[in-house]
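For the sequence shown, my numbering assigns the number 18 to the initial residue and increments by one for each residue that follows.
All residues carry an ideal CB built from backbone N, CA and C; glycine is no exception.
Structure record follows, encoded as structure tokens.
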Amino acid sequence: MNKILLIIRREYLSRVKKKSFILMTFLTPLIIAGFYGLIIYFSIKGINDKTDKIAVISENKILTEKLTSNKNVTYVYVNDSFEKLKKDLSKSDYDYILYLPDFDIDKPKGIELIGTKQAGLSLDGKISDSVEDLIRDYKLKKSGISQTDLDNLKSNVSIDTKKIGDSGKEENSSAGASTIIAFVAGVLMFMFIMLYGVQVMRGVIEEKTSRIIEIMISSVKPFQLMMGKIIGIAMVGLTQFLLWIVLTFSISALAVTVFVSKDDAKKMVTSTAQISAANPSAQQIQAAAMNDGPLGNVQKSLQNLDLGKIILVFIFYFLSGYLFYSALYAAIGSAVDSETETQQFMMPVMMPLLLGYALSLSVVTNDPYGNVAFWLSIMPFTSPIAMVVRLPYGVPNWELALSMFILIIGFIGTVWFAARIYRVGILMYGKKASFKEMVKWFWYKN
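Right, here's the structure in full:
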């Protein structure tokens with residue numbers, strides 16, 4: 018045990034003392050906080066302050082009402098001919114031309130949007146919606162509905178989503194917040210397992226090619242060497258992950274003060290009533306920014322999630338999933354003499370992880386309680402990603418316990434399997450390994 022601890026200490030300290038580790042540990046939260054501040058900034062300022070000026074040429078005799086301009090699109094009705102305005106468009110102050118021909122109101126065809134540049138998807142959608150609203154209003158008025166009644170037909174609906182918990186009580190929930198957490202957790206889990214698993218493989222290859230492994234193996238058993246390396250690098254990943262959480266939340270307040278001025282915060286006092294108008298703090302500015310705009314509902318919904326449980330479960334699945342896959346990466350590293358030879362062996366290891374990642378962010382997020390989601394979160398090859406994606410939606414405790422138990426059994430079996438290949442592979446040089454050869458190594462007796 019003492020020898021494993023020495024190897025763990027060496028692997029851990031040799032990596033956390035590197036300049037690249039220190040740089041990325043502190044730089045990554047700064048980047049995340051910067052993006053976080055930008056999101057808040059754009060939620061207040063508006064994603065697009067640019068206004069497109071649209072020249073409308075209408076030959077339609079039925080649509081007498083005019084399109085309504087808004088802060089992003091200004092409609093100007095002109096009497097010029099369509100062909101003439103197209104030729105002079107580059108010289109005019111219009112961005113686009115919207116042509117409305119004399120079409121059948123039940124089957125509108127021939128509408129064109131022309132510009133000197135390609136219209137974006139957002140602009141195209143806004144103009145289409147405006148024309149559709151115009152046609153719909155005409156049809157409703159034709160049926161005898163007045164403008165006042167037409168305005169009263171429009172309603173803004175806000176639905177409070179709740180679910181009945183295990184205790185039988187109603188609990189607040191949010192599909193939007195759960196999906197955001199699920200996507201972030203799934204991407205981080207996939208990234209961490211891949212990143213630190215590959216580090217184990219590269220470390221084994223470096224020690225093998227430099228022949229240092231021959232000296233080390235004279236003092237420790239191959240299993241002790243492999244476990245020390247795996248656990249040491251796992252501690253590096255866990256340290257970096259926890260530091261990222263602490264630093265990201267700490268730096269976020271500072272980033273908000275940079276991107277959101279106090280004047281902007283004061284403007285929001287009337288709607289938030291959370292800020293001292295005289296001298297708002299960074300936390301108050303952040304709270305006001307998040308209470309206003311499209312991110313407000315998401316921020317409130319996140320408060321209903323058990324983030325502490327999600328983080329603890331994420332750490333468990335990160336460590337267990339990492340141990341499961343890093344043992345296989347260690348076996349691959351012991352079987353080859355250079356990193357270029359690893360491709361044929363990495364694909365079978367990566368495929369279950371990629372499958373779990375792809376299905377978790379598509380099938381599981383759409384149906385977190387279905388059969389596919391259940392089995393993905395139970396099988397140890399895919400459960401590290403699938404379960405952390407399912408967790409924000411709510412997972413029965415027995416399913417979580419079963420998944421954890423099977424994953425523990427899985428990584429114990431994987432470590433044992435990989436160790437039998439590792440003990441032989443680390444001493445093999447100059448011979449290209451194959452799957453058939455690795456099976457022989459597995460059955461070799463000590």
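C-beta contact flag for residue i and residue j at 9 Å
i: K246; j: I402; result: no
i: L391; j: F341; result: Residue identity check: residue 391 is Phe in the sequence provided, not Leu. Not in contact: F391 and F341 (Cβ atoms no closer than 9 Å).
i: M218; j: T42; result: no
i: Y439; j: S355; result: no
i: G132; j: I114; result: yes
i: K238; j: K462; result: no
i: V215; j: R32; result: no
i: F333; j: F258; result: no
i: Y213; j: Y339; result: yes
i: L140; j: N87; result: no
i: A202; j: P385; result: no
i: V381; j: L393; result: yes
i: S98; j: I74; result: yes
i: I230; j: L30; result: no
i: M243; j: F331; result: no
i: A344; j: F428; result: yes
i: L102; j: Y111; result: yes
i: S337; j: M211; result: no
i: I122; j: I71; result: no
i: P125; j: L260; result: no
i: S147; j: T68; result: no
i: A436; j: V353; result: no
Exposure label - residue i; buried when at least 16 CB within 10 Å
i: M368; result: exposed
i: W460; result: exposed
i: E149; result: exposed
i: S37; result: exposed
i: V263; result: exposed
i: A375; result: exposed
i: V456; result: exposed
i: G249; result: buried
i: T81; result: exposed
i: R407; result: buried
i: M208; result: exposed
i: Q303; result: A caution first: Q303 carries a pLDDT of 48, below 50, which makes its placement in the model too unreliable to give a value.
i: K225; result: buried
i: Q241; result: buried
i: G430; result: exposed
i: L378; result: buried
i: E76; result: exposed
i: S195; result: buried
i: F452; result: exposed
i: M285; result: Per-residue confidence for M285 stands at a pLDDT of 44, beneath the threshold of 50, marking its modelled position as unreliable; the derived number appears in the next sentence. Counting Cβ neighbours within 10 Å, M285 comes out buried, since at least 16 surround it.
i: M364; result: exposed
i: F362; result: buried
First and last residue of the uninterrupted beta strand (DSSP E) at residue i
i: L130; result: E129 to G132
i: Y113; result: Y113 to L117
Delimiting residues of the alpha helix (DSSP H) encompassing residue i
i: D69; result: No alpha helix (DSSP H) contains D69, which is instead part of the beta strand (DSSP E) from D69 to S75.
i: L378; result: Run containing L378: none; DSSP gives neither H nor E here.
i: T431; result: N414 to G442
i: Y339; result: L324 to A352
i: I234; result: That residue, I234, is in no alpha helix (DSSP H); it is neither H nor E in DSSP.
i: A403; result: S400 to R407
i: E454; result: F452 to W460
As assigned by DSSP and simplified to three states, the class of residue i
i: I122; result: coil
i: Y386; result: coil
i: S98; result: coil
i: R228; result: coil
i: G137; result: coil
i: T81; result: coil
i: L30; result: helix
i: I48; result: helix
i: P397; result: coil
i: M445; result: coil
i: N19; result: helix
i: G249; result: helix
i: I162; result: coil
i: K103; result: helix
i: N87; result: coil
i: D154; result: helix
i: G142; result: helix
i: S109; result: coil
i: S355; result: coil
i: K35; result: coil
i: G214; result: helix
Bridge-paired residues (DSSP) for residue i
i: Y92; result: I71
Any C-beta of chain C under 9 Å from that of residue i
i: E356; result: Reference to chain C is not applicable here, since this structure consists of a single protein chain.
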